[in-house]
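Mapping to UniProt numbering: the sequence shown position 573 is 573, numbers consecutive.
All C-beta atoms, glycine included, are put in the ideal place defined by N, C-alpha and C.
Written below as structure tokens is the structure these notes are about.
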Amino acid sequence: MSKVQWKEGEYTVTRTCQWTAPGCHDGCSVLYYTKGNKLVKVEGDPESKYNFGRLCMRCLASPELVNDPNRVKWPMKRAGERGENKWTRITWDEAFNLIEDKVRTIWKDYGPESIVTAIGTGRNTWSIVPKLTYDGFKSPNFSMGFLPGDSCYLPRAAAMGTMIGDFFIIDASQLDERRYDNPEWKLPEVVMIWGNNPLISNGDGFLGHWIVDMMKRGTKLIVVDPYLTWLASKADVWLQLRPGSDAALGLAMLNVMISEGLYDKEFVDKWTYGFDKLVARAAEYDLQKVENITWVPKEKIAAAARLFANAKPASVQWGLAVDTQVAGVSVANSICAMVAITGNLDVPGGQHIIRPAFGVSKIAHVASDWGWAEMPEEMRQKRLGVQEYPLFKYGLCATARGDSILETIETGRPYPIQMYWMESTNTFACCGAEAKRVYAALKKVPFNVCVDPVLTPSAVAFADLVLPAAMNVERDSLRTWWTPLRSISKVTQYEECKTDEEIALELGKRLNPEKFPWKNVEEMIDFALEPAGITFKELESKVMIWPEVHYKKYEKGLLREDGQPGFNTDTGMVNLYQECFDDWGLDPLPYHEEPPYSPISTPELMKEYPLILTSGSRPWEFFHSEHRQSGTLREFHPNPRLTLNPETAAKLGINEGDWVWIENKNGRVKQVARLDPGIDPRVVHGEHAWWFPEKEAAEPTLYGAFESNINVLTTQCTTGPTGYGAPLKNTICKIYKA
């Protein structure tokens with residue numbers, strides 16, 4: 001048994017799953033059309049119950065990206081100075097020998113903790129790189145790069161972990177192969193979309209078009225977003241809040257639900273802890289006070305709270321905007337509390353408590369501690385961020401803290417960083433705030449390795465070794481996050497590129513063979529699939545398999561290791577009041593915290609920088625810093641865009657299409673003005689992760705990575721008391737014509 005293939009004329013067609021690179025958060029079913037060793041066309045699989053044949057423009061552009069002659073073709077060692085873009089081709093053996101020599105020298109002279117690894121979003125790096133880090137390099141310092149406050153799902157994950165003990169997701173019928181014909185599933189009466197545009201972002205393994213499918217069946221929407229998205233235009237209630245004021249909005253909605261008795265009293269009494277304390281905290285956030293904070297009319301806040309609370313069932317699709325504020329964990333706490341007290345937790349059409357399909361988490365992009373549990377406690381305590389922040393100290397984290405890594409590189413304390421391994425991360429050009437600070441820091445690290453399909457500004461600026469990563473069509477692998485379990489089938493080979501699995505396995509066998517006992521990647525995948533009772537070849541023959549769905553698992557003893565009813569928390573209940581936070585000196589209840597720069601926290605500075613600057617929303621064409629090399633996608637979106645209200649533009653003499661400077665006390669960058677009445681006149685939105693592959697690679701240009709990079713204007717090491725959450729989407733600026 002093997003991959004599902006057939007012939008259509010001169011093409012070989014392969015039914016499989018597409019999952020980055022080229023990048024996205026999802027894993028859609030596709031049909032790959034190949035001729036010989038070349039990918040010619042990609043179509044959505046019309047028989048798939050996952051995406052029903054639908055694909056985004058990035059996936060449709062895969063042949064152009066995969067066949068790009070400018071891809072990295074083989075291992076390259078730096079020939080000139082860093083930043084000169086001079087390279088010498090070497091073999092994989094030479095590359096692995098160099099890495100092994102450097103690692104063993106660092107072990108001897110400094111200790112394994114002086115090695116840091118970093119990932120972005122993509123490929124299988126979320127579990128493969130931890131495996132390489134913990135068991136190969138023997139270091140505790142696996143990270144999400146220099147993402148400040150690790151503001152990508154981790155604040156939400158921490159909130160879910162302490163409150164519920166598990167992850168939850170919206171139940172849009174995707175949990176069962178029968179989909180909308182599953183008799184147990186219920187259509188959500190209301191979906192509240194908070195802080196994301198799922199039709200474009202498709203974040204966290206959720207396909208945004210599932211919401212449109214439910215809208216066609218009668219689901220109503222509440223949309224919380226500073227910008228009038230297409231979904232917001234279709235919503236029954238659109239809450240156009242001030243960026244960074246989400247927690248206040250959540251608490252005001254809780255206040256309405258509680259004071260008007262719109263909560264599920266039976267669930268609250270039986271399954272929640274600390275409701276009385278939540279009642280008192282929510283009462284502090286009356287509607288008029290929160291209208292002043294959020295700019296949302298109090299009547300709309302009340303209407304949204306009533307609509308959500310009265311819906312049976314209701315669910316929430318949330319996104320990155322929850323994480324990208326200093327009170328990110330608190331915002332997530334308030335949303336979790338709303339879901340819980342309205343009785344929408346783990347019910348059909350509500351928020352489903354989810355774990356990886358069949359328990360398969362290794363090699364599958366679900367938070368993996370693969371190798372972490374076996375690491376000596378002494379080494380685990382050397383993870384950067386552990387000593388300063390309780391959430392890191394007590395295990396409510398999946399990574400070393402990016403801000404702490406930056407400070408350690410800069411200061412050499414508590415130990416020097418001697419090696420930085422970046423795999424699918426574009427550091428200062430994408431995730432690193434204070435881009436120039438991150439750039440300067442990595443120049444100081446003695447040995448840097450970049451693993452990517454293309455030469456990025458990060459690779460040119462400071463890589464000593466570049467390894468060519470295989471793209472999706474060039475690897476065998478798995479995909480869950482969250483369900484179904486899907487196979488990824490290799491159909492082509494590009495030059496000497498290797499998969500993330502191959503690189504980790506080959507290096508691991510050199511450095512610590514006991515922890516890498518598999519002969520090849522297929523054996524490693526088979527090991528990961530053991531919980532599902534299936535081999536990789538068997539999974540390939542099925543393409544995807546769906547686990548059995550269970551609701552109200554907390555009533556059936558399916559969440560706790562002891563098999564008792566309840567939630568996987570210290571109390572066995574949903575912790576509306578988190579005693580562990582109290583023990584750690586943190587606020588155990590949701591609260592509003594002002595952004596560091598805002599009309600309330602810095603009114604004098606606002607006189608010079610009078611506009612709220614938000615950023616980071618997803619365009620149709622790109623995924624973070626990926627795809628800028630695509631001529632087709634750039635034809636649709638050639639330049640970075642600054643979105644502003646026409647009223648604001650008129651006052652400043654700015655016209656559609658003008659190049660505009662965006663400036664604050666950290667610096668300035670330029671983008672092209674895009675006028676849109678759907679954004680508040682007091683707010684502008686700048687695009688992130690821009691670089692220009694068509695420009696000079698060598699320094700000082702670095703593909704123009706500082707020219708339009710919005711993270712020249714954001715701040716690093718500015719987080720909330722939890723260590724999670726950072727003001728990436730809520731700072732201030734002024735703008736003027738370039």
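In the DSSP assignment, tryptophan 230 falls outside any beta strand (DSSP E) and lies within the alpha helix (DSSP H) extending over 230–233. In terms of CA proximity to alanine 309, Lys265 leads the group Glu284, Lys265 and Val329. Beta-carbon to beta-carbon, valine 684 and leucine 642 are separated by about 6 Å, close enough to satisfy the 8 Å threshold. In this structure the region 687–706 lies against the region 459–470, because at least three pairs of beta carbons, one per stretch, are closer than 8 Å. Just measuring C-alpha positions, the residue of Ser708, Ala61 and Ser233 sitting nearest tyrosine 33 is Ala61. Between aspartate 204 and valine 322, the C-beta gap is not smaller than 8 Å, which leaves the two residues out of contact. Of the candidates Pro130, Ile164 and Val72, Ile164 places its Cα closest to the Cα of lysine 553. Contact annotation, alanine 79 with lysine 86: C-beta distance approximately 4 Å; criterion of less than 8 Å satisfied.
Contact fails between the region 729–738 and the region 172–182, because fewer than three Cβ pairs, one in each stretch, are under 8 Å apart. Buried is the label assigned to alanine 327, since at least 16 other Cβ atoms lie within 10 Å of its Cβ. Contact between proline 155 and glycine 725 holds: CB atoms are separated by about 5 Å, below the 8 Å threshold.
Contact check for glycine 402 against serine 625 fails: the beta carbons are separated by 8 Å or more.
By the criterion of a C-beta distance shorter than 7 Å, proline 416 is surrounded in its chain by Tyr110 and Ser114, once the five residues flanking it on both sides are discounted.
About 6 Å separates the CB atoms of glycine 44 and valine 30; that is less than 8 Å, so the two are in contact.
A straight line joining the alpha-carbon of alanine 673 with that of isoleucine 211 spans about 31 Å. Per DSSP, leucine 396 has no beta-bridge partner at all. Within the region 479–553, the runs of alpha helix (DSSP H) at least 4 residues long that lie entirely inside it are, in chain order, 500–511, 521–528 and 536–542.
When beta bridges are read from the DSSP output, proline 69 appears opposite no residue. 8 Å or more divides the Cβ of threonine 399 from the Cβ of aspartate 135. Taking C-beta atoms under 8 Å as the contact rule, proline 590 and glycine 250 qualify, at a distance of about 6 Å.
The C-beta distance from serine 127 to glutamate 540 rounds to 19 Å, too long to fall under 8 Å, and the pair is not in contact.
Judged by DSSP secondary structure, serine 151 falls outside any alpha helix (DSSP H); it is assigned neither H nor E.
Boundaries of the beta strand (DSSP E) around valine 316: 314–318. Counting every other CB atom within 10 Å of its CB across the protein chains shown gives arginine 355 a total of 16 or more, marking it as buried.
Contact check for lysine 670 against tryptophan 661 passes: the beta carbons are separated by less than 8 Å. When C-alpha distances from proline 140 are compared across Val712, Arg242, Gln381 and Thr648, the shortest belongs to Gln381. Within the same chain, Arg82, Ala461 and Phe462 come within 8 Å of lysine 443 by CB-CB distance, once the 5 residues on both sides are set aside.
The continuous stretches of alpha helix (DSSP H) do not include lysine 670, which lies in the beta strand (DSSP E) extending over residues 667–675. The beta-carbon separation of threonine 715 and alanine 433, rounded to 6 Å, stays under the 8 Å limit for a contact.
Bounds of any beta strand (DSSP E) do not take in asparagine 333; it lies within the alpha helix (DSSP H) bounded by 328–341. Straight-line spacing of the CA atoms in valine 451 and valine 466 works out to 6 Å. Annotation: the continuous beta strand (DSSP E) that includes phenylalanine 168 extends over 167–170.
Inside the region 51–127, DSSP marks whole beta strand (DSSP E) runs of 3 or more residues at positions 76–78, 87–89 and 115–119, from first to last along the chain.
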